[in-house]
Ligand SMILES: Nc1ncnc2c1ncn2[C@@H]1O[C@H](COP(=O)(O)OP(=O)(O)OP(=O)(O)O)[C@@H](O)[C@H]1O
Ligand code: SF4
Ligand SMILES: [Mg+2]
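Next comes the structure, spelled out in structure tokens:
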């Protein structure tokens, strides 16, 4: 329990640091007043604006206000779109999150079993073919995979859409594409494109870890105890393999968010990635600041989930013995 | 008396860079029911490989290239994997060197005990738990029933090796391969674990192949001793006569360096030089480059095994022809 509380404390700290960076970005990149009132405003207008924004207050006070506003979801107005940043993000976030989660689901769901299988059947031709394929999967640039998939499945075969999100359904402010056929069909190519690299990486790590665990003393002793190969491989080896694999999957989420910007561009996927590219082009600082905080929040939540997974898998963490392996 | 374990002309090869090196060469010995055979020799002599071969657990790049292994009169080195597995843990159990790494860190010791028990014995879960608790009590673990729910990391090294012993004895095996069961432990705990092992074996009539670096351990618990050198057996005999009057020059050198023997990879004080490795075999007697009493023929002719009193000795000095001529 104290372990979880400690983790929560760390999470809050990380979020505060992220908020600080994004506040500094907001406050000191360019002149907020200039950005809001435009070049033609009079000096008096500017002074009034400064006062209204509280830009003359003490630094700490301004930061506290920024955090307070952020907690209520208020990140100000987008320079470019003239809408509240929170609204813009709320519209786009579900698309990116669904894309990221589904692609990680594909990558994990295939990568772990395939990695374990290739480790257990090292000499099988299919295992060697998988290893070769995974090397390609690690090396190929994401946009190339996307374009190749579009060419093949959309242009030549005409089976799947090459852009957009299809039909979405709103459930309490969350627009999901997972409940309509067209939404699901639209998700396939982007999710696969985003997942290929992760799949290859997870497969290779699961294989390497499994091979290492199979050489461990306790596996040798399990053999000497006469246990059945199935029990040795799954009850003992696989569980021990999962500890580092779960860590890496958690860490990879960051990459998934980063790469989703590329995938969203290739597939015109209406998610945060596309929004951020526009925000960068127009130096839309409030939007960027909010994006930063949101990504930090996602990271924090995933890290917390990974830690909880540890608690479930590894008794050494539970008792705080701290033999935790980090990738 | 027919032997419980009979190893005959065992030969193990290890493939390295396309070449087969001979790690174990023509090793023969027997262990009677209830007997404790100590196996000694320098690091790399082939003690662990021999034990692994008996367990049928040799893995690439090592493989049995010759000889026979009989257990209870039945040949076991040709059994298929399923049949051998049924024997392992049930009739032939093992205790390895490092208790810290012998147990699965993610599973309670109770679960590890019951899974072993239920693999080999036809017991229901409740009976298996009952047996597991009894075993923990027998190996001297306090509050055994509560301890079933403990994970390995919650126990000390000595306690863990007791758990490993409980696992080894869980199905009443007739032979235990104990490969340096106390080397990784605190000196203060080594004697306790050794006493426990011996007491449990004597009580049940379990035979042991006890691999060790420690001549003191041999003197204390072994009925007979086998001395290995460079993949071969150089001398096998009753502990008492071996300690009092070893026939083989290598064994004598070992005895002379008793206090230092447990220090691995340290040259034996009384025997300058080092043991040949499997990738650079020595013709004739493998010991001849270091032997203070080597004869001319030792460099080219490999000594067969001669019987001297109750011992078997692979040394030309023990050749009755030579002795009678002298
Ligand atoms: N898996 C392996 N691959 C390559 N060589 C091996 C392997 N296992 C054992 N050997 C070699 O076989 C020889 C005998 O090794 P073994 O482990 O049986 O020695 P040992 O007598 O048990 O030594 P120690 O006292 O250090 O445990 C050594 O030369 C070792 O290098
Ligand atoms: S056979 Fe020769 S070299 Fe070998 S131990 Fe005997 S005397 Fe020494
Ligand atoms: Mg060894």
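Residue numbers (my numbering), protein chains in the order written: chain A, 1 to 327; chain B, 328 to 653.
We put the CB at the ideal spot given by N, CA and C, even for glycine.
Note that the coordinates shown come from a computational prediction; the quantities given were computed from them, not determined experimentally.
| query | Considering only the beta carbon of each residue, do residue 542 of chain B and residue 367 of chain B sit closer than 8 Å? | reply | Yes; because the gap between Cβ atoms is below 8 Å, this pair is in contact.
| Chain-ordered list of residues that sit, by beta carbon, closer than 7 Å to a heavy atom of ligand 3 | My final list is B/374, B/375, B/506, B/507 and B/538.
| query | Would you report the Cα separation of residue 183 of chain A and residue 170 of chain A, rounded to the nearest angstrom? | reply | Looking at the two C-alpha atoms, the distance is approximately 12 Å.
| message | Less than 8 Å between the C-beta atoms of residue 195 of chain A and residue 305 of chain A, yes or no? | response | Taking 8 Å as the cut-off, the beta carbon of residue 195 of chain A is found no closer than this to the beta carbon of residue 305 of chain A.
| query | In chain A, what lies closer than 7 Å to residue 481 of chain B by C-beta? | reply | Here the neighbours are 319.
| message | Just to confirm the assignment: which complete beta strand (DSSP E) runs, minimum length 3, are found wholly within the region 435 to 481 of chain B? | response | For the region 435 to 481 of chain B, not a single whole beta strand (DSSP E) run of length 3 or above is found.
| Minimum Cβ-Cβ distance from residue 211 of chain A to chain B less than 8 Å | No, no contact with chain B.
| message | With three or more beta-carbon pairs closer than 8 Å as the criterion, would you say the region 248 to 258 of chain A touches the region 93 to 105 of chain A? | response | The region 248 to 258 of chain A is in contact with the region 93 to 105 of chain A.
| Is there at least one Cβ from chain B nearer than 8 Å to residue 270 of chain A's Cβ? | No - not a single Cβ of chain B is within 8 Å of the one on residue 270 of chain A.
| request: Find out if the Cβ-Cβ distance for the pair residue 563 of chain B, residue 356 of chain B is shorter than 8 Å. | output: Going by C-beta atoms, residue 563 of chain B is nearer than 8 Å to residue 356 of chain B.
| query | Apart from the five residues just before and just after residue 242 of chain A, which ones in its own chain have a Cβ nearer than 7 Å to its Cβ? | reply | So the qualifying residues of the chain are 313.
| request: Work out the CA separation of residue 369 of chain B and residue 589 of chain B for me, nearest whole Å. | output: Per-residue confidence for residue 589 of chain B stands at a pLDDT of 49, beneath the threshold of 50, marking its modelled position as unreliable; the derived number appears in the next sentence. When rounded, the separation of the alpha-carbon atoms in residue 589 of chain B and residue 369 of chain B is 9 Å.
| query | When Cβ atoms are compared, which residues of the region 403 to 415 of chain B fall closer than 8 Å to chain A? | reply | The region 403 to 415 of chain B vs chain A, Cβ under 8 Å: 412, 413, 414 and 415.
| said: Does the distance between the C-beta of residue 621 of chain B and the nearest non-hydrogen atom of ligand 2 fall short of 7 Å? | reply: Indeed, a heavy atom of ligand 2 lies less than 7 Å from the Cβ.
| said: Distance check for residue 501 of chain B and residue 329 of chain B, CA to CA, integer angstroms please. | reply: Residue 329 of chain B and residue 501 of chain B: Cα-Cα distance of roughly 14 Å.
| If you measure from the CB of residue 341 of chain B, is any heavy atom of ligand 1 nearer than 7 Å? | Indeed, a heavy atom of ligand 1 lies less than 7 Å from the Cβ.
| Integer Cβ distance of residue 460 of chain B from residue 472 of chain B, believed to fall under 8 Å | Contact holds; Cβ gap of about 5 Å.
| request: Assign residue 131 of chain A to one of three DSSP states: helix, strand, or coil. | output: In the structure shown, residue 131 of chain A falls within a helical segment according to DSSP collapsed to helix, strand and coil.
| query | Are the C-beta atoms of residue 399 of chain B and some chain A residue less than 8 Å apart? | reply | Output row for residue 399 of chain B: interface = no.
| request: Closer than 7 Å by beta-carbon distance: list the chain A residues that pair up with residue 429 of chain B, in chain order. | output: Those within 7 Å of residue 429 of chain B in chain A are 217, 218 and 221.
| field | chain A contact residues for residue 442 of chain B, given Cβ-Cβ distances below 7 Å | value | Per Cβ cutoff of 7 Å: 227 and 231.
| query | Going straight from the alpha carbon of residue 611 of chain B to that of residue 631 of chain B, what length do you get? | reply | Cα to Cα, the separation comes out at about 10 Å.
| Quick one, are the C-beta atoms of residue 426 of chain B and residue 354 of chain B less than 8 Å apart? | For residue 426 of chain B and residue 354 of chain B, no; Cβs fall outside 8 Å.
| Alpha carbon to alpha carbon, what distance is there between residue 264 of chain A and residue 162 of chain A? | If you take the alpha carbons of residue 162 of chain A and residue 264 of chain A, they lie about 11 Å apart.
| field | heavy atom of ligand 1 below 7 Å from residue 401 of chain B C-beta | value | Every heavy atom of ligand 1 is 7 Å or more from the Cβ of residue 401 of chain B, so no.
| message | Considering Cα atoms alone, identify which of A/146, A/172, A/135 and A/133 is closest to residue 94 of chain A. | response | Of the listed residues, the one whose Cα sits closest to residue 94 of chain A is A/172.
| Are the C-beta of residue 377 of chain B and some C-beta of chain A separated by less than 8 Å? | Not one chain A Cβ lies under 8 Å of residue 377 of chain B.
| request: Compare the Cα-Cα distances from residue 214 of chain A to each of A/282, A/266 and A/117 and report the closest residue. | output: Minimum Cα distance to residue 214 of chain A is reached at A/117.
| task | Use the C-beta contact count for residue 181 of chain A: other C-beta atoms within 10 angstroms, 16 or more gives buried, fewer gives exposed. | result | Around the C-beta of residue 181 of chain A, fewer than 16 other C-beta atoms lie within 10 Å, and the residue is accordingly described as exposed.
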